[in-house]
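**Student:** What follows is a single structure, and I will ask about it in a moment.
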Amino acid sequence: MPAVEHVPPQCCLKWVAMMFRSYDDMLEEFEREMRRVSDDMLLQMFRVSGGAGDVWAPRVDVYETVDSVVVKVCVAGLEAENIELTISSDNKTLILRGVRGDRDEDRDSRIRYHQLEVYYGPFERIVSLPPEISFDRDKLTAAYRDGFLKVVLPKSRQLGTKKIEIDE
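Each residue of the sequence shown is one higher than the one before, counting from 26 in the working numbering.
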């Protein structure tokens, strides 16, 4: 019986091409995701103490449109005034810091956790922005709505190369 070759549908190939510009990008993303998963597992195992040094990292989506790069951060349960957002001087890193407090009045009466998935306390997330894109710092916007912080970084309108005619 001849072997059947599996050919992925074209839509999948386009999606993979859009997600990863190169094989190296794909490997970097895989490594980043594996690091995140292992960090999450370790944090889950050791965070029951709720010690002062615990810092968690919110989930982030970064995507590009024709005229901007968008960073969408899942930070439900926060007040906008408890979020600090900065961009590095070279426009290559977005830094998000803040605190999510546990406002439940019954916290002291809890005797056992059966599931513990919501992070409280200080958080920090450092997002590397695409290095090949320049941003217009004066036009950055951020909006917090329905538990998501959406940061829009407009691309700067840089002129491409131009051939200059030489008069004889």
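We put the beta carbon where it would ideally sit given N, CA and C, even for glycine.
Below 8 Å, can you find three or more Cβ-Cβ pairs linking the region 119 to 126 to the region 142 to 155?
**Tutor:** yes
**Student:** Just how far apart, CA to CA, sit Leu154 and Asp192?
**Tutor:** 43 Å
**Student:** Span of the beta strand (DSSP E) holding Phe148?
**Tutor:** Gly146 to Ser153
**Student:** Name the residue from Ser181, Val87 and Tyr169 whose alpha carbon lies nearest to the alpha carbon of Leu103.
**Tutor:** Tyr169
**Student:** For Asp50, which of helix, strand or coil comes out of DSSP?
**Tutor:** helix
**Student:** DSSP three-state call for Val85: helix, strand or coil?
**Tutor:** Val85: strand per DSSP, three-state reduction.
**Student:** With C-beta atoms as the reference, is Asp92 less than 8 Å away from Lys180?
**Tutor:** yes
**Student:** What distance in whole Å lies between the Cβ atoms of Phe160 and Leu178, which are believed to be in contact at a cut-off of 8 Å?
**Tutor:** Rounded, the Cβ-Cβ distance is 5 Å, consistent with contact.
**Student:** Residues in its own chain within less than 8 Å of Arg162 by CB, not counting five upstream and five downstream?
**Tutor:** Ile112 and Asn116
**Student:** Going by other Cβ atoms of all chains shown within 10 Å of its Cβ, with 16 needed for buried, is Ile189 buried or exposed?
**Tutor:** So Ile189 ends up on the exposed side.
**Student:** Under the rule that 16 or more other beta-carbon atoms within 10 Å means buried, what is Arg137, buried or exposed?
**Tutor:** exposed
**Student:** In whole angstroms, what separates the C-alpha of His139 from that of Asp131?
**Tutor:** Straight-line Cα distance between these residues: approximately 16 Å.
**Student:** Hey, how far is the Cα of Ile85 from the Cα of Asp133?
**Tutor:** Note that residue 85 is Val in the sequence shown, not Ile. Each residue's Cα considered, the two are about 32 Å apart.
**Student:** Measure the Cβ-Cβ separation of Val95 and Asn107 and say whether it is below 8 Å.
**Tutor:** no
**Student:** Who pairs with Ile112 in a beta bridge, going by DSSP?
**Tutor:** Leu119
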